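Trainee: Protein chains in written order, with our numbering: chain A, 26 to 413; chain B, 26 to 413.
Before we start, here is the structure in question, set down as structure tokens.
There are 2 protein chains.
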Amino acid sequence: MFFALEHTDKNTSARIGKLILPHGEVLTPVFMPVGTQGSVKALSHEDLETLGAEIILCNAYHLYLRPGPEVIKKAGGLHKFIGWDKPILTDSGGFQVFSLAHLNKVNDEGVIFQSHIDGSRHNLTPEDMIRFQMILGADIIMSFDECLPYPSKYEDAEKSVIRTIKWAERGYRCWKEEGGESTSDLFGIVQGGVYEDLRERCVQSLCAIDFPGYAIGGVSVDEPDEEKKRIISFTTPLLPEDKPRYLMGVGSPEDLLFGVYCGIDMFDCVMPTRNARNGCLFTSRGRVNIRNAKYVKDFTPLDEDCNCPVCKRYTKAYLSHLYRAKEISALRLNTIHNIYFMFSLCKLVRKAIKEDRFLDFYNNFLNEYNIKPFSEGDSEIGSTFFNF
Amino acid sequence: MFFALEHTDKNTSARIGKLILPHGEVLTPVFMPVGTQGSVKALSHEDLETLGAEIILCNAYHLYLRPGPEVIKKAGGLHKFIGWDKPILTDSGGFQVFSLAHLNKVNDEGVIFQSHIDGSRHNLTPEDMIRFQMILGADIIMSFDECLPYPSKYEDAEKSVIRTIKWAERGYRCWKEEGGESTSDLFGIVQGGVYEDLRERCVQSLCAIDFPGYAIGGVSVDEPDEEKKRIISFTTPLLPEDKPRYLMGVGSPEDLLFGVYCGIDMFDCVMPTRNARNGCLFTSRGRVNIRNAKYVKDFTPLDEDCNCPVCKRYTKAYLSHLYRAKEISALRLNTIHNIYFMFSLCKLVRKAIKEDRFLDFYNNFLNEYNIKPFSEGDSEIGSTFFNF
Numbered sequence: 026m027f028f029a030l031e032h033t034d035k036n037t038s039a040r041i042g043k044l045i046l047p048h049g050e051v052l053t054p055v056f057m058p059v060g061t062q063g064s065v066k067a068l069s070h071e072d073l074e075t076l077g078a079e080i081i082l083c084n085a086y087h088l089y090l091r092p093g094p095e096v097i098k099k100a101g102g103l104h105k106f107i108g109w110d111k112p113i114l115t116d117s118g119g120f121q122v123f124s125l126a127h128l129n130k131v132n133d134e135g136v137i138f139q140s141h142i143d144g145s146r147h148n149l150t151p152e153d154m155i156r157f158q159m160i161l162g163a164d165i166i167m168s169f170d171e172c173l174p175y176p177s178k179y180e181d182a183e184k185s186v187i188r189t190i191k192w193a194e195r196g197y198r199c200w201k202e203e204g205g206e207s208t209s210d211l212f213g214i215v216q217g218g219v220y221e222d223l224r225e226r227c228v229q230s231l232c233a234i235d236f237p238g239y240a241i242g243g244v245s246v247d248e249p250d251e252e253k254k255r256i257i258s259f260t261t262p263l264l265p266e267d268k269p270r271y272l273m274g275v276g277s278p279e280d281l282l283f284g285v286y287c288g289i290d291m292f293d294c295v296m297p298t299r300n301a302r303n304g305c306l307f308t309s310r311g312r313v314n315i316r317n318a319k320y321v322k323d324f325t326p327l328d329e330d331c332n333c334p335v336c337k338r339y340t341k342a343y344l345s346h347l348y349r350a351k352e353i354s355a356l357r358l359n360t361i362h363n364i365y366f367m368f369s370l371c372k373l374v375r376k377a378i379k380e381d382r383f384l385d386f387y388n389n390f391l392n393e394y395n396i397k398p399f400s401e402g403d404s405e406i407g408s409t410f411f412n413f
Numbered sequence: 026m027f028f029a030l031e032h033t034d035k036n037t038s039a040r041i042g043k044l045i046l047p048h049g050e051v052l053t054p055v056f057m058p059v060g061t062q063g064s065v066k067a068l069s070h071e072d073l074e075t076l077g078a079e080i081i082l083c084n085a086y087h088l089y090l091r092p093g094p095e096v097i098k099k100a101g102g103l104h105k106f107i108g109w110d111k112p113i114l115t116d117s118g119g120f121q122v123f124s125l126a127h128l129n130k131v132n133d134e135g136v137i138f139q140s141h142i143d144g145s146r147h148n149l150t151p152e153d154m155i156r157f158q159m160i161l162g163a164d165i166i167m168s169f170d171e172c173l174p175y176p177s178k179y180e181d182a183e184k185s186v187i188r189t190i191k192w193a194e195r196g197y198r199c200w201k202e203e204g205g206e207s208t209s210d211l212f213g214i215v216q217g218g219v220y221e222d223l224r225e226r227c228v229q230s231l232c233a234i235d236f237p238g239y240a241i242g243g244v245s246v247d248e249p250d251e252e253k254k255r256i257i258s259f260t261t262p263l264l265p266e267d268k269p270r271y272l273m274g275v276g277s278p279e280d281l282l283f284g285v286y287c288g289i290d291m292f293d294c295v296m297p298t299r300n301a302r303n304g305c306l307f308t309s310r311g312r313v314n315i316r317n318a319k320y321v322k323d324f325t326p327l328d329e330d331c332n333c334p335v336c337k338r339y340t341k342a343y344l345s346h347l348y349r350a351k352e353i354s355a356l357r358l359n360t361i362h363n364i365y366f367m368f369s370l371c372k373l374v375r376k377a378i379k380e381d382r383f384l385d386f387y388n389n390f391l392n393e394y395n396i397k398p399f400s401e402g403d404s405e406i407g408s409t410f411f412n413f
């Protein structure tokens, strides 16, 4: 059995379960730290293990370009190449091809693009990206999809959904025929922008293929918060109940909770790690921007209620000093804290669901967290002090 | 007792001993990692503890400018401010005032300079730097000295030695009168450039003051290797046998061994950490430049004989990938390895001295290490991929 759904909350669609994967088990709802290039930025694998990571996400697009299939094949797969023996999910690279690469051509056959690293030209089909993910040997691999920006016209979104479905079918066939099933589970990705009928059509077509799991893609692409929520709460219940559901690229603590509320099991997002590197830290009382001058002489921990190694040892004054002095360790300590926060949040979420009190937990969290919701500025896109 | 000399090697001047300091004991010969701004670059204190660090060096010049005396005083001293409870040695800032700051005026009274950070103007006397180090509360503090560049004329070096001696006297008096003795040990710093008679004169004057320990400063300032060795081997035996001897800013593995050979007990240098950040790694078979293309597909550890956490888990191919992908963790993993190498070297050195076979150890090490001494380029000053 690949996914064991264990309990659904009495008052919401929130659910707990377990993914049983070749490299280990993963309790859901789970937040998967993003290790785009085979490394969660600023952390070592030891850090992740200490923090309790059960699965990380890597990106096929980046790894395809560097170090490339040959090196990873020679290493014996991604797990061996990076020295991480717990589960890995690889994203297919659809999102990155459309957001990072210089795109030369997209048609039903596949994509032609130029690397964002060195401008080299690549011609990839959906089958290529499945095959490459099979070389990587991740526990969960993703269909190659077309991800449109927001806003997109209905006609464009429709064409893109049709193409995404076709690519999903081709990828699935390749995965089946070439023995991918023996080492990995392949997820289909639901696209359709903000258009509910397109989302529904995409879900139906993907379900007809019968993937081991399903992801919702194309959200958190700069659409307004209400649109995002509308699409998540519309799409999630359409997905099969007995399969894992993954909301791609989400998110902030509050977005993660909303996803859980709707019945999502898996999340990934660069925000906790990227925010950390920009000095924006999650606490039980809301966000703290460690660059703020008032922390220079604040000799208390970041979050009195936090048991992470950073809060247990260091003060805001020291973290502020490290950031101002541009010390590399600022990036790592901040990241450790934010990742601990996300893991700890998921742990509390799972407990609350188990005890049928997720709704209370959700409301309480938002109340506490929103004491200063964005009061110090969401620096996700802000200053990149370190150019990372 | 502050310094316990335990054994001197039968065939060389190499010696082992123990520093007994307010925050703990330190076995010598010791390599002290440099945490200029209160953080060893790319490492956390937990990393240092895991690696076995017994003492770190911080820099009074940097900490004076940022976060400044007020913040550190409020925090309750440097140990509390940075969250490190083992011994700390603070450098007085003499070297930095002369190398980093924009110098406006030096006279017998003190220095007037502008901060390298924000251009702010500062006027400091030798007493000020002793008082600030007393606020920091380091276990070992250093006299404020004038450090000349190489080459310097005899007349300039002589003037500078006379001033350094005067400043050492004033600093010592201040330290005694204001109760510094109860929390710290003050070292005198021998200057004199490459001139043996000036070095001797400086040693004699400092010994007359009777410091708890002595440092040799003004070496490793770009003088030729032979000059450096000549001055170290000339000056070290002039220093009192029963006091700790500290060779400032040295150095590479081979320079450290030369210092030990001459009877030095303490070393510090940014080279192991800075080289690490530039991809230049120490191994028992010489230096490895991880940027070299041949490591892209090298799936062996950096050093087969090394027991550090990096060599135990990661391959050269992965370290090469992290470096090429500009992952922050490359900086930390490389630094962990180089610091482990230095600590491990000191441990082997202490064992060899204890067993009266330091000379054999020294020769064997150089033979092994010099298989490719600088074959891949000393990148200390080279590429700064990460701008750190």
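C-beta atoms are modelled at their ideal positions from N, C-alpha and C, and glycine is treated no differently.
Everything numeric in this text was worked out from a predicted model, so none of it was measured.
Quick one: using the 10 Å Cβ neighbour count with 16 as the cut-off for buried, is Thr115 of chain B buried or exposed?
Mentor: buried
Trainee: Figure out for me which residue from A:Arg312, A:Cys305, A:Asp323 and A:Leu384 has the closest Cα to the Cα of Asn359 of chain A.
Mentor: A:Cys305
Trainee: Anything in chain A within Cβ reach of Leu327 of chain B, meaning under 8 Å, just list it in chain order.
Mentor: Those do not exist, as Leu327 of chain B stays about 13 Å from chain A at its closest Cβ, beyond 8 Å.
Trainee: Given Asp328 of chain B, which residues of its chain have a CB within under 7 Å of its CB, disregarding the five upstream and five downstream residues?
Mentor: Thr308, Ser309 and Cys336
Trainee: Note the first and the last residue of the continuous alpha helix (DSSP H) segment covering Cys287 of chain B.
Mentor: Pro278 to Cys287
Trainee: If we ignore side chains and look at the alpha-carbon of each, how far apart do Glu393 of chain B and Gly311 of chain B end up?
Mentor: 7 Å
Trainee: Taking C-beta pairs closer than 7 Å, name the residues in chain C that Lys66 of chain B reaches, listed in chain order.
Mentor: This model lacks chain C altogether, as its protein chains are A and B.
Trainee: Please confirm whether any heavy atom of the ligand MG lies closer than 7 Å to the CB of Gly196 of chain B.
Mentor: Ligands are entirely absent from the displayed structure, and the ligand MG is therefore not among its contents.
Trainee: Taking just the CA atoms, how far does Gly102 of chain B sit from Arg40 of chain B?
Mentor: 33 Å
Trainee: Got a sec: is the Cβ-Cβ distance from Leu358 of chain A to anything in chain B below 8 Å?
Mentor: For Leu358 of chain A, the nearest beta carbon of chain B is closer than 8 Å to its own beta carbon.
Trainee: I need the boundaries of the alpha helix (DSSP H) containing His104 of chain A, first residue and last residue.
Mentor: Leu103 to Ile107
Trainee: What's the call for Gln229 of chain B, buried or exposed, on a 16-neighbour Cβ count within 10 Å?
Mentor: exposed
Trainee: Along the chain, where does the alpha helix (DSSP H) containing Gly311 of chain A start, and where does it finish?
Mentor: Segment Gly311 to Asn314 is the beta strand (DSSP E) holding Gly311 of chain A; no alpha helix (DSSP H) there.
Trainee: Between B:Pro92, B:Asn300 and B:Arg224, which has its C-alpha nearest Ala318 of chain A's C-alpha?
Mentor: When each option's Cα is compared against that of Ala318 of chain A, the closest is B:Pro92.
Trainee: What does a CB cutoff of less than 8 Å around Lys43 of chain A pick up in its chain, not counting 5 residues either side in sequence?
Mentor: These residues qualify, in order along the chain: Phe28, Ala29, Glu31, Glu50, Val51, Leu52 and Thr53.
Trainee: Between Pro54 of chain A and chain B, is any beta-carbon pair separated by less than 8 Å?
Mentor: no
Trainee: Since Ala342 of chain A meets chain B, which of its residues come closer than 9 Å, beta carbon to beta carbon?
Mentor: Pro92, Val96, Lys99, Ala100 and Phe106
Trainee: Terminal residues of the continuous alpha helix (DSSP H) containing Lys184 of chain A?
Mentor: Start and end: Tyr179 to Glu202.
Trainee: So, helix, strand or coil for Ile378 of chain B, using DSSP?
Mentor: helix
Trainee: Which of the three DSSP states is assigned to Thr208 of chain A in this structure?
Mentor: In this structure, Thr208 of chain A counts as coil in the three-state DSSP scheme.
Trainee: Tell whether a beta-carbon distance below 8 Å holds between Ser124 of chain B and Gly288 of chain B.
Mentor: no
Trainee: Give the residues from the region 29 to 48 of chain A that approach chain B closer than 9 Å (Cβ to any Cβ), ordered along the chain.
Mentor: When C-beta distances to chain B are compared with 9 Å, every residue of the region 29 to 48 of chain A stays at or above that value.
Trainee: Report the residue from B:Tyr175, B:Lys351 and B:Ser145 whose alpha carbon sits nearest the alpha carbon of His87 of chain B.
Mentor: B:Ser145
Trainee: Given a cut-off of 8 Å on the beta-carbon distance, is the pair Pro94 of chain A and Thr208 of chain A in contact?
Mentor: no
Trainee: So the alpha helix (DSSP H) Gly119 of chain B belongs to, where does it begin and stop?
Mentor: Gly119 to Ser124
Trainee: Between the region 128 to 146 of chain A and the region 56 to 75 of chain A, do three or more beta carbon pairs fall short of 8 Å?
Mentor: no
Trainee: Is it a yes or a no for the region 233 to 249 of chain B touching the region 208 to 222 of chain B, going by three-plus beta-carbon pairs under 8 Å?
Mentor: Verdict: yes, contact present.
Trainee: Output the boundary residues of the beta strand (DSSP E) element that contains Asp72 of chain B.
Mentor: Here Asp72 of chain B belongs to no beta strand (DSSP E); instead the alpha helix (DSSP H) covers His70 to Leu76.
Trainee: Out of B:Glu266, B:Ser245 and B:Pro151, which one is the CA nearest neighbour of Asp235 of chain B?
Mentor: Ranking B:Glu266, B:Ser245 and B:Pro151 by CA distance to the CA of Asp235 of chain B puts B:Glu266 first.
Trainee: Excluding five sequence neighbours on each side, which residues of the same chain lie with their C-beta closer than 6 Å to the C-beta of Val293 of chain A?
Mentor: It is Asp, not Val, that sits at residue 293 of chain A in the sequence shown. Taken in chain order, the residues that qualify are Met57, Val59 and Leu82.
Trainee: For Tyr286 of chain A and Arg316 of chain A, I'd like the C-alpha separation in whole angstroms.
Mentor: 33 Å
Trainee: At least one CB of chain B closer than 8 Å to the CB of Tyr339 of chain A: is that the case?
Mentor: yes
Trainee: Would you kindly check if the distance between the Cβ of Lys105 of chain A and the Cβ of Glu79 of chain A is under 8 Å?
Mentor: no
Trainee: State the DSSP-derived secondary structure class of Ile155 of chain B, mapped to helix, strand or coil.
Mentor: helix
Trainee: Name the chain B residues that come within less than 9 Å of Val334 of chain A, Cβ to Cβ?
Mentor: Residue identity differs from the one stated: residue 334 of chain A is Pro in this sequence, not Val. Result: Ser69 and Glu71.
Trainee: Let me check understanding here. Comparing Cα to Cα, which of A:Cys331, A:Tyr320, A:Met367 and A:Ala350 lies closest to Asn300 of chain A?
Mentor: A:Met367
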